[in-house]
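For what it's worth, the numbering used here labels the leading residue of the sequence shown as 2, then goes sequentially.
By construction, the Cβ of each residue, glycine as well, lies at the ideal position given by its N, Cα and C atoms.
Each remark here refers to the structure printed beneath this line.
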Amino acid sequence: MVKVMVDDKIIDRLEAAIDIEDRGYQFGDGVYEVIRIYDGVLFTGDEHLERFYSSAEKIQITVPFQKEELLGLILRLIQENRVKDGSLYMQLTRGASPRNHIFPGKDTKPVLTAYTKEVARPVESLENGVAALIADDIRWLRCDIKSLNLLPNLLAKQAATEQGCYEAILHRDGLVTEGSASNAYIVTDGKIKTHPATNLILNGITRQVVARLCEKNNIPFKQEAFTLDELQNADEIFVTSTTSEVMPVVKLAGKEVGDGKPGELTRKLQTLFVQEFESVKKAHTL
């Protein structure tokens, strides 16, 4: 039986229950994280937990566990489910209380839940690249918070899927922000550019890894907003996320990007990223 986590208890999935008046269900009043698992090893777990606590603080929810305690529970859940290559999803809501837009009193206990699932690396897409469309960014102005309010993201992702695309790349008045479920980058003349980590984007953990890898390997990396024109005329485009890793975009709005194949710099970053998680796995097994 698959195990899930509800607060500090790890139980069978069929035994798990959440109150119908949970504010996450009624208002999207909560935050979440998705963490990648490679060969049973949690990748960038500390960074994800740091963002989880930060997001919760920004919407005035106190995580009911210390980071070390929560990490221990997560690792136990992964072990009990014997996850090899997959992901861990966890979310925290403000808790259950009679429906009211005003925050409930301090006696309302936040609810933490988590589960794991097997997710294979998208090897074929990573090798061949994917298509993307362009869409208006209609989200709220606190995209730096990884909240449960994802309806605009879902609408953009669904539009992309219906047009045979992997992702929708979003813009506000002609300035590219990010993807519906990813961070977006362009490569022009051997230089990478991506939107700065402001309230208009989520500072992705994979984004942070890519920035670190670029600095370490002397790859020009600039955090600066770029235009739709720059996007459409870029030599290379790629997106990053926890489950997509470094994903080449080879077709944008029906037109080929560059020669229609993953670019040289994107390929280099893919290699560096694989080396990064392989080193984490190796360190874990020593």
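Scanning its chain for C-beta atoms nearer than 7 Å, with the 5 sequence neighbours on each side dropped, one finds around residue 81 the residues 4 and 11, in chain order. Contact fails between the region 45-60 and the region 252-268, because fewer than three Cβ pairs, one in each stretch, are under 8 Å apart. Residue environment analysis places residue 280 among the exposed positions, since fewer than 16 neighbouring C-beta atoms fall within 10 angstroms of its C-beta. In the three-state scheme derived from DSSP, where H, G and I count as helix and E and B as strand, residue 164 is classed as coil.
Looking at the backbone, the Cα of residue 197 and that of residue 213 are separated by about 14 Å.
Exclusion of the five residues before and after residue 98 leaves 105 and 109 as the residues of its chain whose Cβ lies within less than 6 Å of its Cβ. Taking 9 Å as the cut-off, the Cβ atoms of residue 63 and residue 91 do not count as close.
Taking C-beta separations shorter than 8 Å and ignoring five residues to either side along the sequence, the partners of residue 257 in its chain run 251, following chain order.
Nearest to residue 93 by C-alpha distance, out of 38, 112 and 18, is 112.
Going by DSSP, residue 31 is part of the beta strand (DSSP E) stretching over 31-39. Contact between residue 37 and residue 244 holds, since their C-beta atoms are separated by about 7 Å, short of 8 Å.
At least 9 Å separates the beta-carbon of residue 161 from that of residue 148. With a cut-off of 8 Å on Cβ pairs, the region 215-224 is in contact with the region 189-196, counting three or more such pairs. Counting along the chain, no beta strand (DSSP E) covers residue 109, and no H or E run does either.
Measuring C-alpha to C-alpha distances from residue 79 to each of 189, 117, 121 and 159 identifies 117 as the nearest. Take residue 7, set aside five residues on each side of it, and the residues of its chain with a beta-carbon closer than 7 Å to its own are 17 and 114, in chain order. Between residue 185 and residue 178, the C-beta spacing is below 9 Å. Linking residue 282 to residue 237 through their CA atoms gives a straight-line distance of about 30 Å. Rounded to whole angstroms, the separation of the alpha carbons of residue 71 and residue 65 is 9 Å.
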